[in-house]
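Taking the working numbering, I'd label the letters of the sequence shown as residues 185 to 305. Backbone N, C-alpha and C fix where the C-beta goes; we use that ideal spot for every residue, glycine too.
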Amino acid sequence: MRDVLDVTKALADGNRLRVLMALAGGELCVCQIVELLQLAPSTTSKHMSILRQARLVESRKEGRWMYYRLPDREAPKVVKDALAWVRRHLAESPQIGRDKKELAKILSMDPEQLCKGQCKS
185 MRDVLDVTKA LADGNRLRVL MALAGGELCV CQIVELLQLA PSTTSKHMSI
235 LRQARLVESR KEGRWMYYRL PDREAPKVVK DALAWVRRHL AESPQIGRDK
285 KELAKILSMD PEQLCKGQCK S
């Protein structure tokens with residue numbers, strides 16, 4: 185039951201749903217997620233912590249930067265089902281469409297410069 189509670193809590197926020205949809209396209213640096221959401225890095229980190237606790241995302245650290253991705257095939261069934269449900273129900277969302285366009289711009293930027301720029305703000 186704990187897994188279900190963690191997953192449903194994590195899904196109960198629009199920004200976290202946006203992150204899950206963005207990660208469907210592949211791994212992202214936290215700086216890219218900050219840029220997409222236009223939230224403070226600390227707020228974004230809190231959202232990512234909630235998603236990680238629910239096992240909806242996995243993370244890895246490379247140098248100073250944290251990278252996030254959707255979990256692999258060995259994720260619990262409740263996680264796989266939740267991610268499939270989110271993708272199915274948000275695929276046609278206008279917000280997700282805008283995010284895809286914005287993410288394409290973000291991905292064309294040098295991630296290191298993006299991250300360094302956010303550290304200065």
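Check                                                                                                                                                       : Outcome
Compare the C-alpha of S229 against each of L274, Y252, K285, L207 and name the closest.                                                                    : Y252
Going by CA-CA distance only, name the one from Q279, L291, C213, R244 that's closest to N199.                                                              : Q279
Identify the continuous alpha helix (DSSP H) that holds R186 and give its terminal residues.                                                                : 186–195
Between R272 and L254, what straight-line distance do the alpha-carbon atoms span, to the nearest angstrom?                                                 : 15 Å
Take E219 and list the residues in its own chain whose beta-carbon comes closer than 7 Å to its own, dropping the five residues that flank it on each side. : I290, L298
What residues are listed by DSSP as bridge partners for R244?                                                                                               : Y251
Determine the contact status of A238 and V191, defining contact as a CB-CB distance below 8 Å.                                                              : yes
Among residues of its own chain, excluding the 5 on either side of D283, which ones have a beta-carbon nearer than 8 Å to its beta-carbon?                  : R202, M205, A206, L220
Bridge partners of C213, per DSSP?                                                                                                                          : Y251
Can you grab the Cα-Cα spacing for the pair R236 / G210, in whole Å?                                                                                        : 16 Å
Where does the unbroken alpha helix (DSSP H) through R257 begin, and where does it stop?                                                                    : Where R257 is concerned, there is no enclosing alpha helix (DSSP H), given that its DSSP letter is neither H nor E.
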